[in-house]
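Student: My structure is below; once you've seen it, I'll send some questions.
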Amino acid sequence: MSERVRRAVVTGGNKGIGRAVVERLSAEGFHVVAMGRDQEALAATAAAAPGPVTTVACDVTDPASVTEAFAAAGPVDVLVNNAGIADSAPVQRIDLASWDRMLRVNATGPLLCIQQVLPGMRERGWGRIVTIASVASHQGAPYIAAYVASKHAVLGLMRSLSAELPGSGITANSVCPGYVRTPMTERTIANIMEKTSRSEEEALAALLAGTRLGRLIEPEEVAAAVAFLASDAAGAINGQSILIDGGDLQQ
Ligand code: NDP
């Protein structure tokens, strides 16, 4: 590597986990490119970051938008596939549009972004690709089959990608959190409250019932794992999935 400052792209880098990853990588000295659709939230994230953050509009489900965004981003050393959506419905009631959308954002989006950065990483002989997968990449659960399917798909993508990388200087790994304190989880709690007439406190307790941690995971705890996987120190770690769930699942 030359002395140039390493550049890290974070998709969905304007809220929740993505925002925490932007802040952490910026603090670690990366030039961060935060991608997303909500421009106002992107600008707020950039303003709050400790170092330089460029913001680029990108809808990961739209191949033309992805191509344009990565052309604007410049050479990418670290790609963090974070953009994601969640929805719930019993299997019998999953509609095709929602199934397709879940797979497009959570699995096809990472594929499109990976295809943008791989050639440059190979040329430069160094790269880190980290995907925010989920405990749902490892285990099914009721009413979230579309989400679980998309997160299994993206873990499979990352594992296969990692098998194509030996000798390239590039690694591909996933981090798999349980429930994290983000807008996505706020919506999940609101949904439980609406469907079960529980209070916020009761809904949160239902979400965390049976977890060893007994609390939500902080976005910064996920960002710390991403920062490690993005570092030179993690060069021998490839094809792994790091569970951040307090030890519920042990693979
Ligand atoms: P949030 O809902 O808080 O944020 C989602 C992010 O994804 C936003 O920045 C949003 O940007 C972006 N996004 C959604 N759709 C698109 C799209 N089509 N194109 C580009 N960006 C998009 O989610 P979290 O921070 O909670 O989740 C981040 C990731 O972590 C997701 O992949 C999620 O599945 C995963 N995860 C979350 C867990 C949790 O408990 N919260 C647990 C395990 C994994 P914009 O608003 O600009 O569209």
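Start counting the sequence shown at 840; every next residue gets the next number (the working numbering).
For every residue, glycine included, the Cβ atom is placed at its ideal position computed from N, Cα and C.
1) Determine the closest residue to Leu996 out of Ala946, Ala1073, Gln1089, with distance taken between C-alpha atoms.
2) Entirely within the segment 904–958 and at least 4 residues each: give me those alpha helix (DSSP H) ranges in chain order.
3) Any idea which residues DSSP pairs His991 with across the strands?
4) Below 8 angstroms, how does it come out for the segment 933–951 and the segment 981–998: are there three or more Cβ pairs, yes or no?
5) In the DSSP assignment, find the unbroken beta strand (DSSP E) run with Ala1103 in it and report its ends.
6) In chain order, what residues of the same chain lie with their CB nearer than 6 angstroms to the CB of Met840, ignoring the 5 residues before and after it?
7) Using the Cα positions of Pro929 and Ile1076, report the straight-line distance between them to the nearest angstrom.
8) Would you check if the distance between the CB atom of Ala1062 and the CB atom of Ala882 is smaller than 8 angstroms?
9) Less than 8 angstroms between the beta carbons of Pro914 and Arg998, yes or no?
10) Can you round the beta-carbon distance between Leu1068 and Val956 to whole angstroms, since I take them to be within the 8 angstroms contact cut?
11) In this structure, how does DSSP classify Arg967 when only helix, strand and coil are distinguished?
12) Which same chain residues end up closer than 8 angstroms to Ile1081 when comparing Cβ atoms and leaving out the 5 residues on each side of it in sequence?
Tutor: For this structure:
1) Ranking the options by Cα distance to Leu996, first place goes to Ala946.
2) As for any alpha helix (DSSP H) of minimum length 4 sitting wholly inside the segment 904–958, the runs are 935–942, ordered along the chain.
3) The bridge partners DSSP lists for His991 come to none.
4) Under the 8 angstroms Cβ criterion, the segment 933–951 counts as touching the segment 981–998, having at least three qualifying pairs.
5) Because the chain in this structure spans residues 840 to 1090, residue 1103 falls outside the shown range and cannot be described.
6) Residue placement at Met840 is flagged as unreliable, the pLDDT there being 47, under the threshold of 50; the coordinate-derived value follows with that caveat. So the qualifying residues of the chain are Trp965.
7) Going by the C-alpha atoms only, they are around 37 angstroms apart.
8) For the 8 angstroms CB-CB criterion, Ala1062 and Ala882 do not form a contact.
9) In this structure, Arg998 does not lie closer than 8 angstroms to Pro914 by Cβ.
10) A Cβ-Cβ separation of about 15 angstroms leaves Leu1068 out of contact with Val956 under the 8 angstroms criterion.
11) It is a strand residue.
12) For Ile1081, where only same-chain residues beyond five positions count, the Cβ hits under 8 angstroms are Asn1012, Ser1013, Val1014, Cys1015, Ala1064, Leu1068.
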